[in-house]
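So in the working numbering, spot 343 of the sequence shown is number 344, and the numbers just go up one at a time.
Cβ atoms here follow ideal geometry from the backbone N, Cα and C, with glycine treated the same way.
Below: one structure, written as structure tokens.
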Amino acid sequence: MNSTNSVIHLRENHNVLIIDDSDTDISTLSYMLSRGVDAEYTISSTKTLEDAKRYFSQKDNIIDLIILDYHLIGHTAEDILKILEESDRDAPVIVATSLATKRKENQLLKYGIYDFWDKNSLSTARLEQSIRFALNRHQLSNKKQHLQLLHGQSLASVIHDIKSPISTIVSYNKIAKKLINNKDNSADNEGRIQICFDTIDKNCQLLQHLVEEVLSLSKLESESKNFSKRRINIIKLLDNSINNFQPKAQEHNLTIHKNIDLSEAWVMANADKITQIFDNLMSNAIKYTDKGTITITAAIDTKNSGPKNLSVHFCDSGIGIAEHDLHKLFAPFNSINHKTIKAVDSHGLGLSIVKSLIEQHNGTITVKSVLDEGSDFCITLPLDDINQNTVTQLHS
């Protein structure tokens with residue numbers, strides 16, 4: 002195995018594995034980390050898929066983070082990620098390439114990469130920011146922290162994790178101000194300013210969604226399951242949610258198609274909670290769809306002679322979910338490999354909250370999905386007694 006090890010003496014320690022077939026790129030990354038201020042990095046490197054496979058199999062090799070070149074001799078990053086997925090290794094991955102494209106990034110979304118960047122525009126600050134971002138998000142999947150949150154001990158375990166993006170935002174804000182005050186109109190300076198703003202935006206989104214979802218989960222656990230309900234027209238709430246997400250869909254060049262013949266369907270429910278359910282499923286459909294159509298279907302099940310249910314389908318033509326991941330989709334802080342840099346809120350909390358809310362309305366949620374083809378989330382909710390009688394009369 003071609004492997005090099007060097008210790009760069011800084012403040013903390015992270016074991017970084019660089020998988021790259023270029024000695025120059027390995028040296029460049031090592032040099033950048035030696036100039037950083039965040040941590041002490043123990044760096045190892047491999048150049049081929051077989052070397053990486055052997056490195057993964059040796060349990061004594063500690064890996065906190067992987068920096069992976071997109072192109073290796075005879076292979077791509079996807080081949081390495083498949084090997085990593087098959088091993089017992091659980092480490093965040095950053096992918097680098099000399100020719101970064103959106104298509105390449107999208108190909109790797111299902112493997113859970115934490116960042117994807119162009120080697121040509123990489124700087125020491127950008128590299129360390131990317132590492133902080135990846136390690137921070139990965140730490141949220143630590144099982145001990147999951148148990149602390151799920152058992153409602155406190156939000157204290159999250160506070161430490163959010164300090165890193167907060168620090169990043171503060172630092173890059175200061176850098177951006179200095180660059181702007183320099184009144185340098187060169188392309189290089191404008192590029193550095195844009196990197197600052199992109200970094201700030203990414204970390205703001207991470208903080209916003211993480212805090213919102215953790216607080217939602219905490220609130221959900223502390224609330225009585227008998228929250229107030231009243232008779233509501235759920236079709237109206239569904240229409241409102243669809244309309245609210247139309248601008249976001251258009252921004253992503255997506256089309257929302259409504260297949261809803263009903264003007265009303267009455268259920269006993271909490272309007273705010275139902276809206277939260279619809280908004281989450283709409284947001285996910287857009288988030289994980291790069292092109293195509295999102296189709297929303299609503300219909301009353303009249304086939305059986307028992308109580309009637311309303312079924313609402315949220316179908317997308319997005320990246321889909323692997324079959325072996327479907328069973329853990331609704332678990333809090335799941336480790337499904339569709340976490341991406343463009344989906345900073347995918348900590349596995351949203352769907353867990355949705356499932357809990359639906360069950361508190363005596364409903365169910367199911368999903369059918371094909372990897373690289375799309376997903377179909379279906380929720381069913383029981384119609385209230387008055388609506389049950391009306392439907393029975395209409396179909397008798």
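Determine the DSSP secondary structure at residue i, reduced to helix, strand or coil.
{"i": "residue 52", "result": "helix"}
{"i": "residue 378", "result": "strand"}
{"i": "residue 181", "result": "helix"}
{"i": "residue 70", "result": "strand"}
{"i": "residue 27", "result": "helix"}
{"i": "residue 190", "result": "helix"}
{"i": "residue 341", "result": "Any reading at residue 341 must be qualified, since the residue scores a pLDDT of 41, below 50, and its modelled position is unreliable; no value is offered."}
{"i": "residue 98", "result": "strand"}
{"i": "residue 255", "result": "strand"}
{"i": "residue 122", "result": "helix"}
{"i": "residue 313", "result": "strand"}
{"i": "residue 137", "result": "helix"}
{"i": "residue 127", "result": "helix"}
{"i": "residue 260", "result": "strand"}
{"i": "residue 212", "result": "helix"}
{"i": "residue 301", "result": "strand"}
{"i": "residue 116", "result": "strand"}
{"i": "residue 170", "result": "helix"}
{"i": "residue 295", "result": "strand"}
Am I right that residue i and residue j are in contact with their C-beta atoms under 8 angstroms? What's the rounded C-beta distance?
{"i": "residue 398", "j": "residue 250", "result": "Residue 398 lies beyond the residue range present for the chain, which begins at 2 and ends at 397; the question has no answer from this structure."}
{"i": "residue 235", "j": "residue 382", "result": "7 angstroms"}
{"i": "residue 378", "j": "residue 371", "result": "Contact doesn't hold; Cβ gap of about 13 angstroms is too wide."}
{"i": "residue 278", "j": "residue 259", "result": "That belief does not hold up - the Cβ atoms of residue 278 and residue 259 are roughly 17 angstroms apart, past 8 angstroms."}
{"i": "residue 135", "j": "residue 66", "result": "6 angstroms"}
{"i": "residue 84", "j": "residue 54", "result": "5 angstroms"}
{"i": "residue 384", "j": "residue 311", "result": "6 angstroms"}
{"i": "residue 43", "j": "residue 62", "result": "With 8 angstroms as the limit, residue 43 and residue 62 do not qualify as a contact, their Cβ atoms being about 11 angstroms apart."}
{"i": "residue 233", "j": "residue 270", "result": "5 angstroms"}
{"i": "residue 74", "j": "residue 22", "result": "5 angstroms"}
{"i": "residue 358", "j": "residue 237", "result": "Going by Cβ atoms, the distance from residue 358 to residue 237 rounds to 18 angstroms, so no, they are not a contact pair."}
{"i": "residue 239", "j": "residue 299", "result": "6 angstroms"}
{"i": "residue 89", "j": "residue 50", "result": "At roughly 18 angstroms, the Cβ-Cβ gap does not stay under 8 angstroms, so residue 89 and residue 50 are not in contact."}
Applying the 10 Å Cβ sphere with the 16-neighbour rule, what's the burial state of residue i?
{"i": "residue 109", "result": "buried"}
{"i": "residue 321", "result": "buried"}
{"i": "residue 124", "result": "exposed"}
{"i": "residue 376", "result": "buried"}
{"i": "residue 32", "result": "exposed"}
{"i": "residue 324", "result": "exposed"}
{"i": "residue 138", "result": "buried"}
{"i": "residue 127", "result": "buried"}
{"i": "residue 39", "result": "buried"}
{"i": "residue 189", "result": "exposed"}
{"i": "residue 399", "result": "The shown model of the chain, from 2 to 397, leaves out residue 399, and the question about it has no answer."}
{"i": "residue 153", "result": "With a pLDDT of only 45 at residue 153, under 50, the local geometry of the prediction cannot be trusted, and the value read off the model is given with reservation. Flag for residue 153 reads exposed."}
{"i": "residue 60", "result": "exposed"}
{"i": "residue 319", "result": "buried"}
{"i": "residue 262", "result": "exposed"}
{"i": "residue 315", "result": "buried"}
{"i": "residue 356", "result": "buried"}
{"i": "residue 58", "result": "exposed"}
{"i": "residue 212", "result": "exposed"}
{"i": "residue 181", "result": "exposed"}
{"i": "residue 183", "result": "exposed"}
{"i": "residue 364", "result": "buried"}
{"i": "residue 169", "result": "buried"}
{"i": "residue 246", "result": "buried"}
Within the continuous alpha helix (DSSP H) that includes residue i, where are the two ends?
{"i": "residue 285", "result": "272 to 288"}
{"i": "residue 244", "result": "235 to 252"}
{"i": "residue 85", "result": "78 to 87"}
{"i": "residue 17", "result": "Counting along the chain, residue 17 falls outside any alpha helix (DSSP H), though it belongs to the beta strand (DSSP E) covering 14 to 20."}
Terminal residues of the continuous beta strand (DSSP E) containing residue i?
{"i": "residue 385", "result": "That residue, residue 385, is in no beta strand (DSSP E); it is neither H nor E in DSSP."}
{"i": "residue 369", "result": "365 to 371"}
{"i": "residue 41", "result": "41 to 47"}
{"i": "residue 358", "result": "Run containing residue 358: none in the beta strand (DSSP E); it sits in the alpha helix (DSSP H), 351 to 361."}
Quiz item: Using 8 angstroms as the Cβ pair cut-off and three pairs as the minimum, do the region 168 to 182 and the region 197 to 207 touch?
Solution: yes
Quiz item: Are the region 114 to 121 and the region 83 to 103 touching by the rule of at least three beta carbon pairs closer than 8 angstroms?
Solution: yes
Quiz item: Counting Cβ pairs, one atom from each stretch, are 3 or more of them under 8 angstroms apart for the region 22 to 29 and the region 60 to 76?
Solution: yes
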